[in-house]
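Trainee: Pasting a structure here, questions to come.
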Amino acid sequence: MPGPDRLSELLAEVADGRRVPYLGGGVAALAGGQMPASPPELCNAIEAKVRAPKRARGNMWSVAQFVESRRFRKTLEAIVQEAFADQPAPGPLHRWLARVRPPLLVDAWYDSGIIEALQTENRPGWGLVQGVSRNGESHEIWTRAYDAALTLVGEQPDPDWEMLVYKPHGVIRPGHSFLMSDSDYVEVLTEIDIQSPIPDEVQNRRSGRPFLFLGCRFDDQMLRLFARQIAKRSAPGHAAVIAGDLTRMEARFMDELGIERLDLPLDAVAEALSTPV
Numbered sequence: 239m240p241g242p243d244r245l246s247e248l249l250a251e252v253a254d255g256r257r258v259p260y261l262g263g264g265v266a267a268l269a270g271g272q273m274p275a276s277p278p279e280l281c282n283a284i285e286a287k288v289r290a291p292k293r294a295r296g297n298m299w300s301v302a303q304f305v306e307s308r309r310f311r312k313t314l315e316a317i318v319q320e321a322f323a324d325q326p327a328p329g330p331l332h333r334w335l336a337r338v339r340p341p342l343l344v345d346a347w348y349d350s351g352i353i354e355a356l357q358t359e360n361r362p363g364w365g366l367v368q369g370v371s372r373n374g375e376s377h378e379i380w381t382r383a384y385d386a387a388l389t390l391v392g393e394q395p396d397p398d399w400e401m402l403v404y405k406p407h408g409v410i411r412p413g414h415s416f417l418m419s420d421s422d423y424v425e426v427l428t429e430i431d432i433q434s435p436i437p438d439e440v441q442n443r444r445s446g447r448p449f450l451f452l453g454c455r456f457d458d459q460m461l462r463l464f465a466r467q468i469a470k471r472s473a474p475g476h477a478a479v480i481a482g483d484l485t486r487m488e489a490r491f492m493d494e495l496g497i498e499r500l501d502l503p504l505d506a507v508a509e510a511l512s513t514p515v
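Under this note's numbering, the first residue of the sequence shown is numbered 239, with each subsequent residue one higher.
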């Protein structure tokens, strides 16, 4: 079974720009703090504020929809902004990625860790493109793009950026948008198979490169669907660092995408990064 040596090889490919890092909530958890770092944890934070019906409990997307429908979008936004208000400093993986600056980085969680790490590096030449909710004023667009100063530059990222951060579910921070409720995803899920919600520059930069999934679990249908579509038409040879037992659906998904699994804790990534690149 692949071990630490294989992990070092995969990280070297990320540093060389030959492999795309795809971050899940586990990377945010690695940074420490009390911020939610998975759909169940965020669901618990929402349900602590609003009692959801039995049919929705435990499902973040459904609970978010209930709050939005019964208490309005502003209530949902206030709850999740509070849950993410005390974000920890960027973790070791965030800081390393900000230094090596791969051409494309996908971050499938809502935190700002990688953004803060890149701002701390204080080097221009990178930008962010994020998914936005089409509820309200954004109903005509899929994404918004921001430069290294987090100034809005339009809907699409600049092809000249050295590094592009793609946050498909958005960002929970003041002034930004996020997708969370079922209604947020209605049109996205209708179009994502033909790739409309995925920016052209993301599609260009994934071409010829496999992915390395870090801090991800695929035990939720929404997470599997997004990972599948974002990795579409990239290079074969994906890998993932996932410790412990897989669910039946996770195992099926890994087999479907041909993902090489490293049964290692995410801490092993931090240990591997202690050796200078």
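Using N, Cα and C, we set each Cβ at its ideal position, and we do this for glycine too.
The structure presented is a predicted model; accordingly, all values stated were derived computationally and were not measured.
1) On the criterion of 16 or more Cβ atoms from any shown chain inside 10 Å, does Ser276 qualify as buried, or is it exposed?
2) Taking the DSSP output, what are the residues bridged to Met401?
3) Using the DSSP secondary-structure output, state which residues sit across from Thr381 in a beta bridge.
4) Give the DSSP-derived three-state secondary structure of Asp493 in the structure shown.
5) Nearest to Glu320 by alpha carbon, out of Ala283, Ser350 and Ile353?
6) With 16 as the cutoff for other CB atoms within 10 Å, does Thr381 come out buried or exposed?
7) How is Pro406 classed by DSSP in three states: helix, strand or coil?
8) For Phe528, which residues in the same chain have their Cβ closer than 6 Å to its Cβ, ignoring the five residues on either side in sequence?
9) In three-state DSSP terms, what is Asp422?
10) Can you tell me which of Val426, Asp396, Glu400 and Trp334 puts its alpha carbon nearest to the alpha carbon of Pro406?
11) Mapping DSSP to helix, strand and coil, what is Val515?
12) Beta carbon of Leu331, beta carbon of Val507: below 7 Å?
13) Please determine whether the Cβ atom of Arg339 lies at a distance below 6 Å from any heavy atom of the ligand ADP.
14) If I measure Cβ to Cβ from Val515 and keep anything under 7 Å in the same chain, skipping five residues before and after, which residues do I get?
15) Would you kindly check if the distance between the Cβ of Ala323 and the Cβ of Leu314 is under 7 Å?
16) Would Gly296 be called buried (16 or more neighbouring beta carbons within 10 Å of its own) or exposed?
17) I need the boundaries of the alpha helix (DSSP H) containing Phe464, first residue and last residue.
18) Helix, strand or coil, according to DSSP, for Phe451 in the structure here?
19) Looking only at its chain, what residues have a beta carbon closer than 8 Å to the beta carbon of Ala355, apart from the 5 residues adjacent to it on each side?
20) Rounding to the nearest angstrom, what Cα-Cα distance links Arg244 and Leu450 in this structure?
21) Quick one: give me the first and last residue of the beta strand (DSSP E) that Gln345 is part of.
22) Inspect the CB distances between the segment 393-412 and the segment 366-374 and report whether three or more fall short of 8 Å.
23) Considering only the beta carbon of each residue, do Pro436 and Val403 sit closer than 7 Å?
24) Please list, in chain order, all residues of the same chain as Glu439 whose beta carbon is under 7 Å from its beta carbon, the five residues on each side excluded.
25) Please list the segments of the beta strand (DSSP E) lying wholly inside the segment 263-345, counting only runs of 3 or more residues, in order along the chain.
26) Less than 7 Å separating the beta-carbons of Ile468 and Val344?
Mentor: Reading off the structure:
1) Note on Ser276: 16 or more other CB atoms within 10 angstroms of its CB, so buried under the neighbour-count rule.
2) In DSSP, Met401 forms a bridge with Trp364.
3) Beta-bridge annotation (DSSP): Thr381 is paired with Gly369.
4) Asp493: helix per DSSP, three-state reduction.
5) Restricting attention to Ala283, Ser350 and Ile353, the CA atom closest to the CA of Glu320 is found in Ala283.
6) Here Thr381 is buried: its Cβ has 16 or more other Cβ atoms, across all protein chains shown, within 10 Å.
7) Correct three-state label for Pro406: coil.
8) What is shown of the chain runs 239 to 515, which leaves residue 528 out entirely.
9) The DSSP-derived three-state label of Asp422 is helix.
10) Comparing Cα positions, the closest option is Val426.
11) Low confidence applies here, because Val515 scores a pLDDT of 45, under 50, leaving its location unreliable; read the following figure in that light. Coil at Val515, not helix or strand.
12) Contact: yes.
13) In the structure shown, the ligand ADP is absent, as is every other ligand, since no ligand is present at all.
14) Unreliable positioning characterises Val515 in this predicted model, as indicated by a pLDDT of 45, which lies under 50. The coordinate reading is nonetheless provided below. Counting only Cβ-Cβ distances below 7 Å, and skipping sequence neighbours, we find Ala253 and Val338.
15) The answer is no: Cβ separation not under 7 Å.
16) Exposed, by the Cβ-count rule.
17) Run containing Phe464: Gln459 to Ile468, per the alpha helix (DSSP H) assignment.
18) The answer is strand: DSSP assigns Phe451 an E or B state.
19) The beta carbon of Ala355 lies closer than 8 Å to those of Pro328, His332, Arg333, Leu335 and Ala336 in the same chain, with the five residues before and after it left out.
20) Taking the straight line joining both Cα atoms gives about 12 Å.
21) The residue you asked about is not Gln; residue 345 is Asp in the sequence shown. Annotation: the continuous beta strand (DSSP E) that includes Asp345 extends over Leu342 to Asp345.
22) Segment contact: the segment 393-412 against the segment 366-374, three or more CB-CB distances shorter than 8 Å; contact assigned.
23) Here residue 436 turns out to be Ile, not Pro, going by the sequence shown. Taking 7 Å as the Cβ cut-off, Ile436 and Val403 do not qualify as a contacting pair.
24) Within the same chain, Glu439 has close Cβ partners Gln394, Pro395, Pro397 and Leu402.
25) Taking only runs of at least 3 residues, the beta strand (DSSP E) segments lying wholly in the segment 263-345 are 342-345.
26) Contact: yes.
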